[in-house]
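Using our numbering, you'd call the opening residue of the sequence shown number 1 and step up by one each time.
Note that CB positions come from ideal geometry on N, CA and C, so glycine has one too.
Below is one structure; the comments refer to it alone.
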Amino acid sequence: MRTVSIVGGGIGGLVLALELERHGIRSRIYEAAPRLQALGVGINVLPHASAVLAGLGLEEQLTDRAVLTREAAFFNRFGQHIFTEPAGRWAGHEHPQYSIHRGDLHSVLVDAVRRRCGDDAIVTNRRLERVREVGDRVELHFIDDNGDPLDPVVAESVVGCDGIHSVIRRTLHPDEGPARYSGVMMWRGVAAHPRFLSGATMVRAGWLQPGKLVTYPIRNGLPGGLQLVNWVAEIEMPRRGERDWQRRGRLTDFADRFADWRFDWLDVPELLGRSEQILEYPMVDQDPLPFWSRGRLTLLGDAAHPMVPRGSNGAGQAILDAAALARILARADDPAQAFAAYEDERLQVTAAVVRMNRAEPPDAILRTVYERSGDAPVRAMSEIVTEAEAQAITGRYLKVATTRHPAPDTSASLSGAGARERNEESR
């Protein structure tokens, strides 16, 4: 199998194209947007995923654009310190944790794809409307930005990297039902702001009922010695709006929850007020699927396993998906067999992360402090929670979230009919 059609030019699709090129496999990306733009806000790439990007030769470019996160610090909503743990290289990992603007990461990946795979490797203004298998090929039917149909594309194999509204996921699972709302709304933004704490600290503070804040710097070197700082405000409340990463929000909808969050290390109302644009999003996910693949179709990233953004791990899991799929395709005789083997390796791993993000994300220590302290300032944090307990909570999450290759060797199934048989039996 020498050509792969990728639907979706986000992080997962771009990394897949680069991984396939590294293994000598051609690909073409079909992206719905009329033009590629640097959209979004901040994102974290944990060391298990940044190792993949380093393997693609992108470490220098990412280091130039990102902040290398030194630590994760936890506080209650009164600014009292709970626990700090090192992150990235400061935690002993070979590769860093990148805190970076999503647009900067996307730009690095787009430039690399065009340079290595060719200027025609990314085709824009192709919104997938429907897909169908025809014999040993797949037909992709696209429309343009005006809704006009385009000539169908006949593909050898197709990977759906088309995100939370995936047409390919809906094709494979037409009766899946709506997304699962967690009960939490979040607002996101970025602001030019003076350094706080170490200047490379990810902060998680408060809890969901009164309000929770996640904030971290994502770009250095702004005029006046400022950094670009990402923030996420989370509040437990009835759902507002649909799943749209670019839906505009208003400061007045949530700012009152943080009006008195003025600490000696950060003035939260000032940070929020510096933001030029605010985005609003309901924190939702989907139950893990029973299968991702059928014949010459499979899913990757958010299309396969949308998860609530509680563990800084959505993009990371898409990157790990891409590395695994390219590696398996490189030694496959048949795409259907390769897709089944890829599913064997990655489906249960990512399902565990989806469930862990719901039940016990790394910031679960904030919930513990909130419940034990009665949402009041404390005299001594050690009387509320011990450092060993905090380490155990974050450690359990990392153990699940950083798992890469738990599946047994699949070389036998790739050379025979085993993968195909399992693929059919799971339907």
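Does residue i pass the burial test, meaning 16 or more other C-beta atoms within 10 Å, or should it be called exposed?
{"i": "Glu-129", "result": "exposed"}
{"i": "Met-39", "result": "In the sequence as displayed, the identity of residue 39 is Leu instead of Met. By the 10 Å Cβ count, Leu-39 comes out exposed."}
{"i": "Pro-428", "result": "The structure shown does not extend to residue 428, since the chain is modelled only from 1 to 427, so the question has no answer here."}
{"i": "Glu-343", "result": "buried"}
{"i": "Gly-12", "result": "buried"}
{"i": "Thr-386", "result": "exposed"}
{"i": "His-23", "result": "exposed"}
{"i": "Lys-399", "result": "exposed"}
{"i": "Glu-424", "result": "Legend: pLDDT at Glu-424 = 44, less than 50; position of this residue unreliable, value from coordinates given subsequently. Glu-424 comes out exposed."}
{"i": "Gly-8", "result": "buried"}
{"i": "Ser-198", "result": "exposed"}
{"i": "Gly-10", "result": "buried"}
{"i": "Trp-231", "result": "buried"}
{"i": "Gln-317", "result": "buried"}
{"i": "Pro-362", "result": "buried"}
{"i": "Thr-3", "result": "exposed"}
{"i": "Glu-31", "result": "buried"}
{"i": "Asp-104", "result": "buried"}
{"i": "Gly-374", "result": "exposed"}
{"i": "Leu-66", "result": "The question names Leu, yet the displayed sequence has Ala at residue 66. Per the 10 Å Cβ criterion, buried."}
{"i": "Arg-35", "result": "exposed"}
{"i": "Gln-97", "result": "buried"}
Looking at the secondary structure, which residues open and close the beta strand (DSSP E) in which residue i lies?
{"i": "Ser-99", "result": "98 to 101"}
{"i": "Thr-84", "result": "81 to 86"}
{"i": "Glu-176", "result": "Glu-176 -> no beta strand (DSSP E), and no H or E assigned at all."}
{"i": "Ala-155", "result": "153 to 155"}
{"i": "Val-4", "result": "3 to 7"}
Residue i by DSSP, collapsed to three states: which one?
{"i": "His-48", "result": "helix"}
{"i": "Gly-211", "result": "strand"}
{"i": "Ala-192", "result": "strand"}
{"i": "Ala-200", "result": "coil"}
{"i": "Phe-74", "result": "strand"}
{"i": "Leu-128", "result": "strand"}
{"i": "Leu-68", "result": "strand"}
{"i": "Glu-94", "result": "coil"}
{"i": "Leu-39", "result": "coil"}
{"i": "Pro-406", "result": "With a pLDDT of only 44 at Pro-406, under 50, the local geometry of the prediction cannot be trusted, and the value read off the model is given with reservation. Note: Pro-406 maps to coil in three-state DSSP."}
{"i": "Gly-206", "result": "strand"}
{"i": "Arg-239", "result": "coil"}
{"i": "Pro-223", "result": "helix"}
{"i": "Glu-60", "result": "helix"}
{"i": "Arg-262", "result": "strand"}
{"i": "Ile-168", "result": "helix"}
{"i": "Glu-276", "result": "coil"}
{"i": "Val-113", "result": "helix"}
{"i": "Ile-122", "result": "strand"}
{"i": "Ala-304", "result": "coil"}
Is the distance from the Cβ of residue i to the Cβ of residue j below 8 Å?
{"i": "Pro-309", "j": "Gln-80", "result": "no"}
{"i": "Leu-16", "j": "Val-159", "result": "yes"}
{"i": "Arg-169", "j": "Ala-324", "result": "no"}
{"i": "Leu-226", "j": "Pro-194", "result": "yes"}
{"i": "Ser-50", "j": "Met-202", "result": "no"}
{"i": "Ile-29", "j": "Ile-143", "result": "no"}
{"i": "Val-229", "j": "Leu-271", "result": "yes"}
{"i": "Glu-242", "j": "Val-184", "result": "no"}
{"i": "Ile-432", "j": "Ala-315", "result": "It is not possible to answer for residue 432, since the shown part of the chain is limited to 1 through 427."}
{"i": "Arg-248", "j": "Leu-279", "result": "yes"}
{"i": "Arg-77", "j": "Pro-269", "result": "no"}
{"i": "Gly-301", "j": "Asp-321", "result": "yes"}
{"i": "Leu-299", "j": "Ser-166", "result": "yes"}
{"i": "Leu-109", "j": "Arg-126", "result": "no"}
{"i": "Ala-330", "j": "Ile-25", "result": "yes"}
{"i": "Glu-85", "j": "Thr-394", "result": "yes"}
{"i": "Leu-53", "j": "Val-45", "result": "yes"}
{"i": "Ala-233", "j": "Met-186", "result": "yes"}
Starting from residue i, follow its DSSP beta bridges and name the residues at the other end.
{"i": "Tyr-281", "result": "Met-186"}
{"i": "Pro-217", "result": "Val-229"}
{"i": "His-106", "result": "In the DSSP output, where bridge partners are listed per residue, His-106 has none listed."}
{"i": "Val-158", "result": "Ser-5 and Leu-297"}
{"i": "Phe-142", "result": "Leu-128"}
{"i": "Pro-34", "result": "DSSP lists no partner for Pro-34."}
{"i": "Tyr-181", "result": "Val-284"}
{"i": "Val-134", "result": "Arg-137"}
{"i": "Glu-389", "result": "Partner(s): none; Glu-389 has no beta bridge."}
Please report the residue range of the alpha helix (DSSP H) in which residue i lies.
{"i": "Thr-350", "result": "335 to 359"}
{"i": "Glu-270", "result": "268 to 273"}
{"i": "Ser-27", "result": "First-last for Ser-27: 26 to 30, but that is the beta strand (DSSP E), not the alpha helix (DSSP H)."}
{"i": "Leu-325", "result": "314 to 329"}
{"i": "Thr-252", "result": "Here Thr-252 belongs to no alpha helix (DSSP H), and DSSP marks it neither H nor E."}
{"i": "Ala-17", "result": "11 to 22"}
{"i": "Leu-150", "result": "No alpha helix (DSSP H) contains Leu-150, which DSSP labels as neither H nor E."}
What I want to know is whether the C-beta of residue i ends up closer than 7 Å to one or more non-hydrogen atoms of the ligand SAH.
{"i": "Asp-264", "result": "As for the ligand SAH, it is missing from this structure, which has no ligand bound."}
Would residue i count as contacting chain B if we go by Cβ distances under 8 Å?
{"i": "Pro-269", "result": "Although the question refers to chain B, the structure presented lacks it and comprises just one protein chain."}
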